[in-house]
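Asks: Supplied in structure tokens, the structure appears directly below.
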Amino acid sequence: MTSTRPAPRAADITRRSIIGMIIAMALIESLSGVTQGFLNPILPALGPVLNIDDPTINGIFLISNLSFAVLTPIISRLGDSYGYRLVLRCSTLVVVLGVFMMALWPTLWTVTIGVVMLTCVVGFIPLMMGILRVTSPKHTRTGVSVMIGMLMIMVGGGGLLAGIVGVNDPTRGFWVGVPFALVALACSFLLPDAGTPSREGLALGPLMACSVGLIGFVAALSMGPDWGWTNAKTIGSGVLGLVLLLIWIKLDFRRAEGVPPFIDLRMLLNPSIRTVSTATFLFGFASVSYMGTNGIFLHAEASSAGYGFGLSPLDIAIILAATSVLSLLSSLFTAKAMSLFGERTTLVFAGFLLAASFIVMLSARANLVGYIAGFSLFMLSMGIYQAATRSLSVEGVPVEETSSAAGLNELALSVGIAVGAAIVKMISSANVLEGKITLTGLNAIWLSLAAAALLAALAAARYPHRQTTESKP
């Protein structure tokens, strides 16, 4: 399962065309965007079709969040150990099988298992960053910007396509992922076999401590509002998760000489890696966790809830798809912005822009055009910070640890999203009237996420004021 093929020579890179390689990577990442985007409109509509209730649907979303958190470090570490291209192909194949299974046999069990299989997309960017950094280091930032742009626009596009195809039968929406799956699998065979695998096996002790710890911690955060924050299940799950995560940190940070780690946490001693990881956590907290509330607000009827615009699910999907174009454009410009204005300035700007978006949405909550303007700022910031943090997460670490470093950043993002979603859910649960979030609760959510965005900007301000030479576009 290992590869000893050396990295391509410069002449080989020219012949293959770096542009073609980046396009192939973008097409692979489109599968990630579509599969993440089409779940939002499909899963809530599955209740009458599969005879399942809302708690079961929420449970499927929880399983998805847990799988993202657990698989992120595992797949990334496998890439460094056994080869980026090999692990990328295997991950893509698992996602393809999941897509086909959900489309051909949509039942509660196949959908649940399929959702877990789809979360293997979490390894796409770390693995392709490893290939990019070995094959053509100076194009790493540009390649990441293109991949993030494709991810963002296809999250919106995937949701829109699924909503249109599944308007009468939500299970048909699963077929939206099929053509993207086939294209991604084909493109995985077009990428170069870059890098020399370390051939180190996975450290099972730290792996189990990290995986089970993440499951317990994320489950407590996600289900706390439903179980009750003082419930024995919430406290037990959260405490067990934290204890195991602390054991993992101790094992991997203070490992014995010659003993391979699961993830080399000593990378966090690098000030730039530590700063980017912290900022990524806060950006995830302040952004992705809001997406559900955005749909609730736009769908609500002002006559009954006191807010909202009464938009249909299709209308909301159209708005998300249209504004995702802004994420595409901002992510494509991010590599250039870091060269022109510096990494620190670009990250700080993304934080302030994200904070401003919530203030605008709060101020314009009674005006649809004004609210969409605020949400547009939100999507612009998403494109910038996702491209910037992912690019910077691997700069300053050895090439052979590229995938693990990128995976550590993805882990920070996943945990940030989970914590942010838990806070949003907690605020929502504490401000409910006749089954709907009150306007006071929405104001609290907007202000809390704006504060988290400002903290992300402050964290980003600690990024070392420098520019690397290896990744300039």
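So my numbering is basically just the index in the sequence shown, starting at one, shifted up by 846. Here a beta-carbon is modelled for each residue, glycine too, at the ideal position from N, C-alpha and C.
Using 8 Å as the threshold, is the C-beta distance between Pro972 and Glu1246 below it?
Replies: Not closer than 8 Å, so no.
Asks: Do Gly1197 and Ala1306 have their C-beta atoms closer together than 8 Å?
Replies: Cβ atoms of Gly1197 and Ala1306: closer than 8 Å.
Asks: With a floor of 4 residues, list each alpha helix (DSSP H) that falls wholly inside the region 1240–1304, ordered by position along the chain.
Replies: Those alpha helix (DSSP H) runs which fall completely within the region 1240–1304 and span 4+ residues are 1248–1276.
Asks: Which of helix, strand or coil does DSSP assign to Asp1072?
Replies: Note: Asp1072 maps to helix in three-state DSSP.
Asks: Classify Glu1147 as buried or exposed, calling it buried when 16 or more other Cβ atoms lie within 10 Å of its own Cβ.
Replies: Exposed, because fewer than 16 other Cβ atoms sit within 10 Å of the Cβ of Glu1147.
Asks: Within the region 1154–1188, note down every full alpha helix (DSSP H) run reaching 4 residues or more, in order along the chain.
Replies: Fully enclosed alpha helix (DSSP H) runs of 4 or longer: 1159–1187.
Asks: Could you work out which residue in Met993, Leu954, Thr965 and Phe907 is closest to Ile865 when comparing CA atoms only?
Replies: Checked all of Met993, Leu954, Thr965 and Phe907; the closest Cα to Ile865 is Met993.
Asks: Exposed or buried, what is Ala857 when buried is set at 16 or more other beta-carbons lying within 10 Å of its beta-carbon?
Replies: Legend: pLDDT at Ala857 = 42, less than 50; position of this residue unreliable, no value from coordinates given.
Asks: Does the separation of the CB atoms of Leu873 and Val1029 fall below 8 Å?
Replies: Cβ distance < 8 Å, so Leu873 and Val1029 count as in contact.
Asks: Could you give the residue range of the alpha helix (DSSP H) that holds Val1001?
Replies: That run of the alpha helix (DSSP H) goes Thr986 to Val1011.
Asks: State buried or exposed for Glu1280, treating a residue as buried only when at least 16 other CB atoms are found within 10 Å of its CB.
Replies: Exposed: under 16 other Cβ atoms inside 10 Å.
Asks: Whose C-beta lies closer than 6 Å to the C-beta of Leu908 among residues of the same chain, with five residues either side of it excluded?
Replies: Closer than 6 Å at Cβ, skipping near neighbours: Ser1068.
Asks: Grab the span of the alpha helix (DSSP H) containing Ile898 for me, first residue to last.
Replies: Segment: none, Ile898 is in no alpha helix (DSSP H) and carries neither H nor E.
Asks: Is the distance from the Cβ of Leu1214 to the Cβ of Leu1172 below 8 Å?
Replies: In this structure, Leu1172 does not lie closer than 8 Å to Leu1214 by Cβ.
Asks: Can you find the residues in the same chain that come closer than 7 Å, C-beta to C-beta, to Met1228, ignoring five residues on each side of it along the sequence?
Replies: Taken in chain order, the residues that qualify are Met998, Ser1133 and Ser1173.
Asks: The alpha helix (DSSP H) that contains Pro887, what's its start and end?
Replies: Start and end: Leu885 to Ile888.
Asks: Would a C-beta distance cut-off of 8 Å place Gly879 and Met975 closer than the cut-off?
Replies: For Gly879 and Met975, no; Cβs fall outside 8 Å.
Asks: Measuring only from the beta carbon, is Val980 closer than 7 Å to any heavy atom that is part of the ligand ADP?
Replies: Among the components modelled here there is no ligand, and therefore nothing to report on the ligand ADP.
Asks: Give the range of the alpha helix (DSSP H) segment to which Ile977 is assigned.
Replies: Note, Ile977: alpha helix (DSSP H), Phe970 to Thr981.
Asks: For Thr1080, which residues in the same chain have their Cβ closer than 6 Å to its Cβ, ignoring the five residues on either side in sequence?
Replies: So the list reads Ala1066, Gly1070 and Trp1073, once near-sequence residues are dropped.
Asks: If you measure between the beta carbons of Ser1249 and Gly925, is that distance less than 8 Å?
Replies: Yes, the Cβ-Cβ distance between Ser1249 and Gly925 is below 8 Å.
Asks: Out of curiosity, what's the CA-to-CA distance linking Trp1021 and Phe946?
Replies: Looking at the two C-alpha atoms, the distance is approximately 8 Å.
Asks: Tell me which same chain residues have a C-beta within less than 6 Å of the C-beta of Leu1259, skipping the five on either side of it?
Replies: Thr1126 and Gly1130.
Asks: Indicate whether Ile1218 and Ser1176 have their beta-carbon atoms separated by less than 8 Å.
Replies: Not closer than 8 Å, so no.
Asks: Using the Cβ count rule (16 or more neighbours within 10 Å means buried), how would you classify Ser863?
Replies: Result: exposed.
Asks: Give the C-beta separation of Leu1114 and Ser1123 to the nearest angstrom, bearing in mind that I take them to be a contact with Cβ-Cβ under 8 Å.
Replies: At roughly 7 Å, the Cβ-Cβ gap stays under 8 Å, so Leu1114 and Ser1123 are in contact.
Asks: For the alpha helix (DSSP H) that contains Asp1098, what are its first and last residues?
Replies: Taken as a continuous stretch (DSSP letters only), the alpha helix (DSSP H) holding Asp1098 covers Ala1078 to Phe1099.
Asks: Indicate whether Cys966 and Leu917 have their beta-carbon atoms separated by less than 8 Å.
Replies: Their beta carbons are under 8 Å apart, which means Cys966 touches Leu917 by this criterion.
Asks: Cα separation between Val962 and Pro1016?
Replies: Spanning the two alpha carbons is a distance of roughly 19 Å.
Asks: Just the C-alpha distance for Leu1301 and Val895, rounded to the nearest angstrom, thanks.
Replies: Straight-line Cα distance between these residues: approximately 43 Å.
Asks: Between the Cα of Trp1075 and the Cα atoms of Ala1183, Lys984 and Ser1275, which residue gives the shortest distance?
Replies: The option with the nearest alpha carbon to Trp1075 is Ser1275.
Asks: Within its chain, find whatever has a CB closer than 8 Å to the CB of Leu1293; leave out the 5 residues flanking it on each side and keep chain order.
Replies: Around Leu1293: Phe1204 and Leu1208.
Asks: How long is the line joining the alpha carbons of Trp955 and Asn1140, rounded to whole angstroms?
Replies: Cα to Cα, the separation comes out at about 29 Å.
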